[in-house]
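Numbering (the working numbering), first residue to last: 677 to 1298.
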């Protein structure tokens, strides 16, 4: 609890103790009134002050005005205990609401702690702390154990483990070594790092995350806008309704029916009506539900740019994926060695050594698959044939590594591969020794993510890719994607998404998930755009409505589940609050409900709605 909340708790305890003591004392008349004014003013002076300010500012109809009128009216009718109790329980509800909002803010504030205070620059052998804003691109900064990484860059010296939980929601540390890209906001846990910066602070990952969070509260959902409009008309309406209830029945009794007016009875009913009608449960719990939902999502590594996007995400029925870097790793890897006559490791050794002087991605994948240190002294007479492959001598043996055209060039008949991917044929001393299959492999969780999306009510999953059809079909089949469109240019992806948007109903939403700069137009065009990973392109993150802070496809499932849970709680609160109030208003109007029922209908419902809203903070593991 903060200082203000502790002060309110103290006031509640004092007022409650005074009410209990006064209930036991045999006092009445003016003395009873004077004594009850003490707990009433202790607990309600700020509400009376706000109500008076609202009247002075011509903003009369709010919850403070309703509480002030209802409690002062009850006291004037000599219901001192009830009037004071209504104010007490209202303040208890306000304390609950304040605590709930504080908890949501703390969740988001924990993410805000990723903002670095300084960057270390080495000058004359000493570390000097400077503002991250002052560090230029290309500068070398030093990050010591326990410090936050202040700017995006590439590690030039040092190895370490990084705590990325504030960014990705994942508790497992990640290892980092020279040559690895590193993003701002991580915490360096072990070794000293030297990092060459690649972005200015304003363009760094941490700045973009903080900017997204700060802007998220300004984008309101349809539900929030509805509640705001509802309260604007509802509060004056119930005030005039309460006035009519206090005045019209006594006049009818007196003038038309010639019965006693019973002013005090009808005024009491009108005051009860006012307390019941207070829209606190709706006005507080609905925005709080969205706020807590955004906070809980950010804590799980899912940044939602506004509650309007949270609402749209909850209605998603179609998910369209980019392939490379989204469902697959976007990195070529050796996935098999086929038709080989010699040992698999031996053929990889020959291929890796022959390709050891090349920087081509395929060469790197061969070297990675070999996995041992390469001695280039074993290699001679290297000849790179553009568009074909490489020929070299390894340990004096002639080795040819390349495509089918290279094999034909040296009069070796290659064996066709029936698997999808890039095929690298290997011939040694003019004899065909097999081929190596290189492919962009699916991410470990992609298949599970697709399955869980379907389990969570997604009607169809679609994959768009620029890859050749055979590769695309194999990946789609392997992952369980319903439909695939291949060999697409960026503009073609937009056209396909527009076709899919035209086919679905208006209530069903389509989400597109991508990570590359060429995905930005599609992310903007879809009903909801989801950018994969903090290391995705800036353009994709800028265009997206939801940003996943790591590259795990399971985060898509988590994002949709968080959004649906949030909306379920929003509607629970709306139906519960309005339902209870309508019932109690009818009971109050006919005299069945007294002030204690009114307290439950107002404060009780508000507390229950707020407690329900807090549930959106907690995200279950998948």
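Even glycine gets a Cβ: it sits at the ideal position worked out from N, Cα and C. Owing to the predicted nature of the structure, the values given are computational and were not obtained by experimental measurement.
In this structure, residue 1094 sits away from residue 1015, with a CB-CB distance that is not shorter than 8 Å.
For residue 1075, the beta-bridge partners assigned by DSSP are 1068 and 1104.
Secondary-structure assignment with DSSP links residue 873 through a beta bridge to 829. Rounded to the nearest whole angstrom, the C-alpha separation of residue 1131 and residue 1053 is 56 Å.
Counting along the chain, residue 1223 sits inside the beta strand (DSSP E) bounded by residues 1222–1224. Around the C-beta of residue 838, 16 or more other C-beta atoms lie within 10 Å, and the residue is accordingly described as buried. Per the Cβ contact rule, the segment 855–862 is in contact with the segment 824–834 (3 or more Cβ pairs under 8 Å).
Under DSSP, no beta-bridge partner is assigned to residue 1007. Straight-line spacing of the CA atoms in residue 1206 and residue 1043 works out to 34 Å. Residue pairing of residue 1188 in beta bridges, as defined by DSSP: 996 and 1205. With 16 or more neighbouring CB atoms inside 10 Å of its own CB, residue 1004 falls in the buried class. When the five nearest sequence neighbours on each side are left out, the beta carbons in the same chain lying within less than 7 Å of the beta carbon of residue 813 are those of 873, 874, 875 and 876, in order along the chain.
Contact between the segment 731–745 and the segment 705–712 is absent, with fewer than three C-beta pairs closer than 8 Å. Rounded to whole angstroms, the separation of the alpha carbons of residue 1040 and residue 1072 is 23 Å. DSSP places residue 989 in the uninterrupted alpha helix (DSSP H) bounded by 983–990.
In this structure, the alpha-carbon of residue 769 lies about 13 Å from that of residue 958.
Cβ contact annotation for residue 1085 (same chain, cutoff 8 Å, sequence separation greater than five): 1061 and 1064, in chain order. Leaving aside the five residues that flank residue 1154 on each side, the residues in its chain whose CB is nearer than 8 Å to its CB run, in chain order, 1118 and 1123. Residue 1087 sits in coil when the DSSP states are folded into three classes, being neither helix nor strand.
Non-local C-beta neighbours of residue 1201 in its own chain, meaning closer than 7 Å and more than five positions away in sequence, comprise 1170, 1173 and 1174, ordered along the chain.
Contact between residue 1226 and residue 977 holds, with the beta-carbon distance rounding to 6 Å and staying under 8 Å. Exclusion of the five residues before and after residue 965 leaves 1242, 1245, 1246, 1249, 1289 and 1292 as the residues of its chain whose Cβ lies within less than 7 Å of its Cβ.
Linking residue 924 to residue 917 through their CA atoms gives a straight-line distance of about 10 Å. Cβ neighbours of residue 1219 within its own chain (closer than 7 Å, five residues either side excluded): 1196, 1199, 1200 and 1205. Residue 1159 is positioned such that its CB atom lies no closer than 8 Å to that of residue 1182. Residue 1265 is a Cβ neighbour of residue 921, given a cutoff of 8 Å.
Between the alpha carbons of residue 1285 and residue 975 lies a gap of roughly 22 Å. Annotated three-state conformation of residue 1181 is coil, per DSSP. Within 10 angstroms of the beta-carbon of residue 967 lie 16 or more other beta-carbons, which makes it buried. According to DSSP, residue pairing for residue 1159 in a beta bridge involves 1138. DSSP places residue 935 in the coil class of the three-state scheme, outside both helix and strand.
About 6 Å separates the CB atoms of residue 1034 and residue 1066; that is less than 8 Å, so the two are in contact. Judged by DSSP secondary structure, residue 803 falls within the beta strand (DSSP E) whose first and last residues are 802–806. The beta carbons of residue 1068 and residue 1101 sit no closer together than 8 Å. The residue from 1235, 1077 and 944 with its alpha-carbon nearest to that of residue 758 is 944.
Taking all protein chains shown into account, residue 741 has 16 or more neighbouring C-beta atoms within 10 Å of its C-beta and is therefore buried.
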